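Novice: Residue 578 in this note's numbering sits at position 572 of the sequence shown, with consecutive numbering throughout.
Just so it is clear, CB atoms sit at the ideal spot from N, CA and C, and this is done for glycine as well.
Bear in mind that the values here come from a model prediction, so they are computed numbers and not experimental data.
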Amino acid sequence: MERLFDNFKPENYKIELRINKNTEEVQGRVTISGEKFKKALKLHAKNLKIINVAINDRKKEFELKDDILEIIDVENGALVIDVNYSFKLSHNMEGVYLSTYEYEGKEERIVSTQFESHYAREGFPCIDEPEAKATFDLKIIDTDDTDIILGNMPKKAERVLEYTSVDIDESPENGVNLNKTVKRKIVEFETTPRMSTYLLAFVVGHFNSETIKNKHGVEITTYASLNQPKSMLKFPNQIAADALDFYDDLFGVPYPLPKLDQVAIPDFEAGAMENWGLVTYREACLLADDNTPKSHNEYVATVITHELSHQWFGDLVTMKWWDNLWLNESFANMMQFYCADHLHPEWKIWQDFFTEDCLAALTRDSLPGVQSVQQEVKNPEEIATLFDSSIVYAKGARLMFMLMRIMGERSFFAGLKEYFKKHQYGNTTGDDLWNALQPHAKFDVKEFMDAWILQPGYPMLTDDDQQRFFINGETDNTKWPLPKITDDMSGHYIINLSGQEFAEKVENFDNLNLEQRLRLLIDRHLLSKTPIVSTGSLMDLLPKFRYEKSEPVFGIVSGIINSLKTFAAPDTEYYPKLQRYIYYIIEENLERLGVKPKSGEDTNDTKLRDYILGFALYAEDEKTINALASLYDTDYNKINAEIRGDVLAAKFRRDGEEDFDYMLDYYKKESNPTIKAEILSTISDARTSKNIKKLVELLEKPEIVRPQDHAYLYAYMLSNYWTRGIAYDWCYSHWDYILELTSDKSIDDYARISASRVRTREDADKFYQFFDQKKNDLALKRTIEVARFDIEARLTWIKNNTASVHDRLNRF
Ligand SMILES: [Zn+2]
């Protein structure tokens, strides 16, 4: 990929945008000062209509081709580029985009930005590469003078001007009405520090907000759209305030901006975006109060601590190029737990890291063809595919965690402090980080970490030997430098215990600490997907966990139980047998915990109940279903948040799905993102043909299920035995529709989700038939290749284990 930064080094951008939310037109002017080195002067510019270009006040010829704006005949040296241009707001959650929602019967419009990874070029011509750091002066002129306008920096000036319309340069679509008085809100922001284009952001719209100052004097404000209750802003605002204070001390370099804003945007592609000083979030990832489940509030806290760690890892110090994206994401993914654990030790949040992130990393990283944490990228289409959450985020975080444990926390953070001090406002590669850590380590950090960061996969340790582990049981001889082997959760490897060693550890289970217990089960769970350990043998073990009170331990057990569902389709004789088997495992906990949360109970019990009730519903335990359904209230805000999803599911099931229409109507009107998610998940479990038809229709109703949530609906329908085939057929026959609906970044989600639910040869063949034609698409290539192996390994696992699982179910 041609790096434009080699030709021209920008110093400062002055950007002026006239935004009309209603016509969706934006008129822009950018003035870039910098220095030109090489022959051609080229800027990134995508979906922009270029009106005219001047260099040092002299008009210039230009060419716009393949998203590159080339300015012809320009001398080398210091220069000022002036570009007038216009564009339309995008609708796919990239670039400068429109988000809408309804409030008091009227449509509300929000304009917001998503510039990572390479979409700043859709907002203004620029060198859209992370290394091309510059300062930015942003000015916004808005046709709605009642809007709140936010940027990375505090406002320098804000005024409302009144004109008669003839005075101003109206776009022809608006019509010029000589008598009309118009108002314009004009906001100028203070100059940003030196930063990358992908971190620039602004938000325009009507919001509720909540402000506090943290201990170090930074003003923190959390914003949400008007249809969200203000009670949802307090918790995220406090977490942000405390997290910034914590990071200030831990990283040694204080948060460099005078303010921090967090905004929940109704349409949002990812979970959140770490724009410097103006972090934007999906509503479900920021908003929380007493009426959302505790586990949700903890999750929200980790999203915030993730994004705020980026204010250092990513914003203050930025990777040179996207191949080092892990410098941002692996760190942020580890820090989100590290910070949340310091703010709320009582949450025991590392448990979530072990049971979710570590397991996800081990699972994905067991497939050949999977990317390494550091991965070369050549084409812009490939940048989007880098964001593999199980690898660049989860595995990378596990590797940083491993390094931190080997070095010790004190040494690790001493090195990091030096890293931030030395590289602030600059760009780095992995080597810069290893160099900063080296003086604090007793081993060669680069040599050790390179092997883990640059190679995909991980070792399976058997006695004194290591081999790369693949989920189909194959191995190869890739080697990794090993730390001191421990049987806790520190290292990214699995330990292949012999049957006897495993049995001894299980015998001694109560004397192991939590991390040892988790490792034992996680490693065994992975091995049971290979011919090394039979799934049937795990079934002999599971009944031991009927007295298990630890939520994270039961979380891993529940993953194993869920994998058994594959062997007992609902229309087979094994279904009721598996229901009985599962009920036996949960019976004791169900009795002990009851259906309703008790006041003042331990969070462990609240979260454990969630697993137990889910399985009780699967087992169709009448007593539980009736008890839950009796707690149903037509006002969902009045149902206990901790069990609300289960209550809805029980009511839906007990009353033969008769609430489908009521629930869907409720979904349309509700703004609380957790309640919406609970409803969508409930109705996606429909089994009657009448309601299945409505679900399929929903796939094509973005006015009801927002594009940001579309993949969830698709995934729920694939998880539902009765809708799986229909959902596959819909996806394969509506690919162009999905392309239109979703952003570049999300498209491979559909391939990944589709692959993960394949359980039969027939579904596999359909998958190959469809996706094999897409193999040359750079945005999908890797996902499709990895998927084929994943699917074949799963089908082999099912074939090899069906008899032994059925045999045990028959005997149970
Ligand atoms: Zn991140």
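Note the first and the last residue of the continuous alpha helix (DSSP H) segment covering Gly258.
Specialist: As a position in the sequence shown, residue 258 is number 252, starting the count at 1. Gly258 -> no alpha helix (DSSP H), and no H or E assigned at all.
Novice: Below 7 Å, is the gap between the Cβ of Ala457 and the nearest heavy atom of ligand 1?
Specialist: Reading the sequence shown from its first residue, position 451 is the one you call residue 457. Incorrect: Ala457 has no Cβ contact closer than 7 Å to ligand 1.
Novice: Whose CA, out of Thr298, Ala633, Ile74, Phe551, lies closest to the CA of Pro242?
Specialist: Against the sequence shown, residue 242 aligns to sequence position 236. Per the Cα distances, Thr298.
Novice: Between Lys139, Leu705, Thr688, which lies nearest to Ala661 when the distance is taken from Cα to Cα?
Specialist: Taking the first residue of the sequence shown as 1, we reach residue 661 at position 655. At residue 661 the sequence reads Asp, which differs from the Ala that was named. Cα-wise, what sits closest to Asp661 is Thr688.
Novice: Between Asp546 and chain C, is there a C-beta pair that is closer than 8 Å?
Specialist: In the structure shown, chain C cannot be found, because there is only a single protein chain.
Novice: Which residue from Met99, Gly34, Ile61, Glu30 puts its Cα closest to that of Leu747?
Specialist: Within the sequence shown, the letter at position 741 stands for residue 747. Per the Cα distances, Met99.
Novice: Does the structure place the stretch 322–338 close enough to the stretch 364–373 that three or more beta carbon pairs sit under 8 Å?
Specialist: no
Novice: Considering only residues of the stretch 199–245, which uninterrupted beta strand (DSSP E) runs meet the minimum length of 3 residues and lie entirely inside it, listed in chain order?
Specialist: 208–211, 213–219, 225–231
Novice: Does the distance between the C-beta of Asn26 and the nearest non-hydrogen atom of ligand 1 fall short of 7 Å?
Specialist: Translated into positions along the sequence shown, residue 26 becomes position 20. No, since every heavy atom of ligand 1 falls outside the 7 Å radius drawn around the Cβ of Asn26.
Novice: Return the first residue and the last residue of the alpha helix (DSSP H) that Met408 is part of.
Specialist: Sequence index remark: in the sequence shown, residue 408 carries index 402 (1-based). From DSSP, the alpha helix (DSSP H) with Met408 extends over 402–413.
Novice: For a quick check, are the C-beta atoms of Gly479 and Ile538 less than 8 Å apart?
Specialist: As a working mapping, residue 479 is identified with position 473 in the sequence shown. As a working mapping, residue 538 is identified with position 532 in the sequence shown. Their beta carbons are under 8 Å apart, which means Gly479 touches Ile538 by this criterion.
Novice: Judging by CA-CA distance, which residue of Val323, Ser105, Ser237, Lys219 is the nearest neighbour of Leu205?
Specialist: Locating residue 205 in the sequence shown gives position 199, where the first residue counts as 1. With distances taken between Cα atoms, Leu205 lies closest to Val323.
Novice: Go ahead and label Ala809 buried or exposed: buried means 16 or more other beta carbons lie within 10 angstroms of its beta carbon, across all protein chains shown.
Specialist: By 1-based counting over the sequence shown, the position of residue 809 is 803. Ala809 comes out exposed.
Novice: Is the number of C-beta pairs between the stretch 244–251 and the stretch 217–233 that are closer than 8 Å three or more?
Specialist: Counting Cβ pairs under 8 Å, three or more are found: they touch.
Novice: Might you give, ordered along the chain, the residues of its own chain that have their beta carbon closer than 7 Å to the beta carbon of Pro489, omitting 5 neighbours on each side?
Specialist: Here residue 489 refers to the residue found at position 483 when the sequence shown is read from its first residue. Within the same chain, Met408, Ile412, Gly497 come within 7 Å of Pro489 by CB-CB distance, once the 5 residues on both sides are set aside.
Novice: Suppose contacts are defined by Cβ-Cβ distances below 8 Å. Is Lys772 in contact with Tyr738 by that definition?
Specialist: Here the question's residue 772 lines up with position 766 in the sequence shown. Here the question's residue 738 lines up with position 732 in the sequence shown. In contact: Lys772 and Tyr738 (Cβ atoms closer than 8 Å).
Novice: Please report the Cβ distance between Val86 and Leu47, rounded to the nearest whole angstrom; I am assuming they are in contact, meaning their Cβ atoms lie under 8 Å.
Specialist: Taking the sequence shown and counting its residues from 1, one reaches residue 86 at position 80. Taking the sequence shown and counting its residues from 1, one reaches residue 47 at position 41. That belief does not hold up - the Cβ atoms of Val86 and Leu47 are roughly 12 Å apart, past 8 Å.
Novice: Taking the alpha carbon of Arg4 as the point to measure from, which residue in Thr578, Asp296, Thr572 has its own alpha carbon closest?
Specialist: Within the shown structure, residues of the chain are numbered from 7 to 818, placing residue 4 beyond reach of any answer.
Novice: Taking C-beta to C-beta, are His222 and Asp134 nearer than 8 Å?
Specialist: As a working note, residue 222 is residue 216 in the sequence shown. As a working note, residue 134 is residue 128 in the sequence shown. Contact: no.
Novice: Ligand 1 heavy atoms versus the CB of Asn334: any closer than 7 Å?
Specialist: Along the sequence shown, one-based indexing puts residue 334 at 328. Yes.
Novice: Using only the alpha-carbon positions, how far apart do Lys485 and Phe475 sit?
Specialist: The count along the sequence shown starts at 1 and reaches residue 485 at position 479. The count along the sequence shown starts at 1 and reaches residue 475 at position 469. Cα to Cα, the separation comes out at about 11 Å.
Novice: Assuming contact is defined by CB atoms lying nearer than 8 Å, are Ala717 and Leu724 in contact in what I supplied?
Specialist: Position 711 of the sequence shown, counted from the first residue, corresponds to residue 717. Position 718 of the sequence shown, counted from the first residue, corresponds to residue 724. Contact: no.
Novice: Shorter than 7 Å, the distance from the beta carbon of Glu280 to the closest heavy atom of ligand 1, or not?
Specialist: As a first step, residue 280 must be located in the sequence shown, where it is residue number 274. At a cut-off of 7 Å, the beta-carbon of Glu280 counts as near ligand 1: some heavy atom of the ligand is closer than that.
Novice: Glu554 to Leu544, Cα distance in whole Å?
Specialist: Mapped onto the sequence shown, residue 554 falls at position 548. Mapped onto the sequence shown, residue 544 falls at position 538. So the alpha carbons of these two residues sit roughly 16 Å apart.
Novice: Do His316 and ligand 1 come close, with the Cβ less than 7 Å from some heavy atom?
Specialist: Within the sequence shown, the letter at position 310 stands for residue 316. Because some heavy atom of ligand 1 lies under 7 Å away, the Cβ of His316 counts as near it: yes.
Novice: Any heavy atom of ligand 1 inside 7 Å of the beta-carbon of Ala403?
Specialist: Walking along the sequence shown from the start, residue 403 turns up at place 397. For ligand 1, not one heavy atom lies less than 7 Å from the Cβ of Ala403.
Novice: Figure out for me which residue from Glu41, Lys27, Asn28, Val32 has the closest Cα to the Cα of Leu821.
Specialist: There is simply no residue 821 to check, as the chain begins at 7 and stops at 818 in what is shown.
Novice: So Asp627 is in the alpha helix (DSSP H); what residue range does that whole segment cover?
Specialist: The residue you call residue 627 lines up with position 621 of the sequence shown. First-last for Asp627: undefined, no H or E at that position.
Novice: What residues in its chain sit with their C-beta under 8 Å from that of Asp494, if we drop five residues either side in the sequence?
Specialist: Taking the sequence shown and counting its residues from 1, the one referred to as residue 494 is at position 488. Asn519, Glu521, Gln522, Arg525, listed in sequence order.
Novice: Beta-carbon within less than 7 Å of Tyr107's beta-carbon, same chain only, minus the 5 sequence neighbours each way: which residues are those?
Specialist: Taking the first residue of the sequence shown as 1, we reach residue 107 at position 101. In chain order, Glu114, Ser231, Asn233, Pro272 place their CB closer than 7 Å to the CB of Tyr107, counting only its own chain and leaving out the 5 sequence neighbours on each side.
Novice: What does Phe142 pair with, by DSSP beta-bridge criteria?
Specialist: Numbered from 1 along the sequence shown, position 136 holds the residue referred to as residue 142. Paired residues: Tyr19.
Novice: Tell me which residue opens and which closes the alpha helix (DSSP H) that Gln461 is part of.
Specialist: Position 455 of the sequence shown, counted from the start, is the residue given in the question as residue 461. Boundaries for Gln461: no alpha helix (DSSP H) harbours it, and the DSSP string shows neither H nor E there.
Novice: Rounded to a whole number of angstroms, what is the C-alpha to C-alpha distance between Gln714 and Ala270?
Specialist: On the sequence shown, position 708 is the one that residue 714 refers to. On the sequence shown, position 264 is the one that residue 270 refers to. Using only the alpha carbons, I get a separation of about 13 Å.
Novice: Please state whether DSSP places Met341 in a helix, a strand or coil.
Specialist: Position 335 of the sequence shown, counting from 1, holds the residue named residue 341. Reduced to three states, the DSSP call for Met341 is helix.
Novice: Would you call the stretch 380–391 and the stretch 421–430 in contact, with 3 or more CB pairs under 8 Å?
Specialist: no
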